[in-house]
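*Asks:*
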Amino acid sequence: AEVVIVSSADDAGALVADEIVRLISRTPDAVLGLATGSTPLPVYRALAPRLAGIDVSRVRGFALDEYVGIDPGHPESYRNVIAREVIEPLGLDPARVRVPDGSLEGIEHAGDDYERALHDAGGVDLQILGIGTDGHIGFNEPGSSFASLTRVKTLTEQTRDDNARFFDTVDQVPRHCITQGLGTILRARHLVLLAFGEGKADAVAGAVEGPVTASLPGSAIQLHPHATVIVDEAAARALR
Ligand code: F6R
């Protein structure tokens with residue numbers, strides 16, 4: 002992967018936002034792969050003013066993942082996060098942005114439905130990725146197959162602890178998720194993995210320089226012909 006070290010998350014946001022503007026200008030029906038969590042927020046914030054005057058009515062989006070069984074009205078359901086942080090500020094057409102369906106009814110076919118929708122859209126042009134402190138991308142926790150497609154997974158305790166900040170208590174963090182697989186993510190035409198802060202340094206080093214192993218799912222990006230890793234100095238600290 003190409004590694005870019007920036008001095009701040011805002012600088013990373015600006016870089017990625019510029020790339021997305023170029024993509025949409027050349028491909029008005031571009032398919033964006035959307036991450037949630039804290040990491041991509043500077044991208045979405047930088048993108049909103051840059052899209053003023055650009056027709057985004059045909060842009061499509063696919064989120065990486067969703068909690069299973071979360072109340073759809075919960076502010077931290079990824080459906081709501083994507084609406085609040087992406088669809089509304091960027092002015093995207095809500096009908097053209099999908100999030101995996103984490104509701105319990107129909108969960109057996111939600112993964113297949115999502116794969117079909119991704120396929121029908123022609124695949125993701127640019128996939129934004131964060132990385133978990135345990136090395137997950139999407140919610141592909143350690144041990145995930147590199148061939149995996151969208152499916153239900155169990156969150157690790159580490160991920161539930163990390164995400165407890167979005168909930169009142171850690172007990173409220175759902176135990177299961179539905180996530181694009183590593184195989185799904187690797188099909189995107191361009192991967193852009195972002196990481197900020199020293200808490201991500203080991204995961205970043207493992208993903209970029211470590212052995213390609215299911216124990217560190219982010220290392221799957223080494224198999225991708227066009228992966229860009231954008232990190233601040235703290236997250237780059239363990240790189241050689
Ligand atoms: C979110 C996702 C996760 C996060 C990762 C880092 O859609 O798929 O892989 O990117 O957990 O989370 P933050 O950015 O909150 O540190």
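First residue of the sequence shown? That's 2 in the UniProt record's numbering, and the numbers climb one at a time after it.
For glycine and all other residues, C-beta sits at the position ideal for the given N, C-alpha and C.
(1) Jot down the residue ranges of each uninterrupted beta strand (DSSP E) in the segment 104-140, minimum 3 residues, whole runs only, in chain order.
(2) Can you look up A64 in the DSSP assignment and give me helix, strand or coil?
(3) Would you call D135 buried or exposed, if buried means 16 or more other Cβ atoms sit within 10 Å of its Cβ?
(4) Could you compute how far the alpha carbon of V125 sits from the alpha carbon of V209?
(5) Output the boundary residues of the beta strand (DSSP E) element that contains A49.
(6) Measuring straight from C-alpha to C-alpha, what distance separates L183 and G54?
(7) Alpha carbon to alpha carbon, how far is P43 from R61? Give it in angstroms, no decimals.
(8) Please confirm whether G112 and P41 have their CB atoms less than 9 Å apart.
(9) Rounded to whole angstroms, how far is the Cβ of G103 from the Cβ of G139, which I believe are closer than 8 Å?
(10) Could you check what DSSP says for R166 in three-state terms: helix, strand or coil?
(11) Use the C-beta contact count for P101: other C-beta atoms within 10 angstroms, 16 or more gives buried, fewer gives exposed.
(12) Between L201 and the ligand F6R, is the CB less than 8 Å from at least one heavy atom?
(13) Can you tell me which residues form a DSSP beta bridge with K154?
(14) Does the distance from the CB of I186 to the CB of V17 come in under 9 Å?
(15) If I measure Cβ to Cβ from A64 and keep anything under 6 Å in the same chain, skipping five residues before and after, which residues do I get?
(16) Enumerate in chain order the residues of its own chain whose CB-to-CB distance from D162 is below 7 Å, with the five nearest sequence positions on each side excluded.
*Replies:* So, from the data block:
(1) Whole beta strand (DSSP E) segments, 3+ residues: 127-130.
(2) Mapped onto the sequence shown, residue 64 falls at position 63. In the structure shown, A64 sits in a strand (DSSP, three-state: E or B).
(3) As a first step, residue 135 is located in the sequence shown; it is residue number 134 there, counting from the start. With 16 or more other Cβ atoms within 10 Å, it is buried.
(4) As a working note, residue 125 is residue 124 in the sequence shown. As a working note, residue 209 is residue 208 in the sequence shown. Cα-Cα distance, rounded: 22 Å.
(5) Against the sequence shown, residue 49 aligns to sequence position 48. Not the beta strand (DSSP E): A49 falls in the alpha helix (DSSP H), residues L42 to R51.
(6) Position 182 of the sequence shown, counted from the start, is the residue given in the question as residue 183. Position 53 of the sequence shown, counted from the start, is the residue given in the question as residue 54. Rounded to the nearest whole angstrom, the C-alpha separation of L183 and G54 is 35 Å.
(7) One-based indexing of the sequence shown puts residue 61 at position 60. One-based indexing of the sequence shown puts residue 43 at position 42. Taking the straight line joining both Cα atoms gives about 20 Å.
(8) As a working mapping, residue 112 is identified with position 111 in the sequence shown. As a working mapping, residue 41 is identified with position 40 in the sequence shown. The answer is no: Cβ separation not under 9 Å.
(9) Indexing the sequence shown from 1 puts residue 103 at position 102. Indexing the sequence shown from 1 puts residue 139 at position 138. Actually they are not in contact, since the Cβ atoms of G103 and G139 sit about 13 Å apart, beyond 8 Å.
(10) As a position in the sequence shown, residue 166 is number 165, starting the count at 1. In the three-state reduction of the DSSP assignment, R166 falls in the helix class.
(11) If you number the sequence shown from 1, residue 101 lands on position 100. Within a 10 Å sphere around the beta-carbon of P101 sit 16 or more other beta-carbons, which makes this residue buried.
(12) To locate residue 201, count along the sequence shown from 1; it is residue 200. In the sequence as presented, Leu is not what sits at residue 201; that position holds Lys. K201 has its Cβ nearer than 8 Å to a heavy atom of the ligand F6R.
(13) Stepping through the sequence shown from its first residue, residue 154 is reached at position 153. Residue pairing of K154 in beta bridges, as defined by DSSP: C178.
(14) If you number the sequence shown from 1, residue 186 lands on position 185. If you number the sequence shown from 1, residue 17 lands on position 16. It is not a contact, given that the beta carbons lie outside the stated cut-off.
(15) What you label residue 64 is simply residue 63 of the sequence shown in a count that begins at 1. The answer, listed in chain order, is L35, Y79, I83 and V100.
(16) Here residue 162 refers to the residue found at position 161 when the sequence shown is read from its first residue. Answer for D162: V171, listed in chain order.
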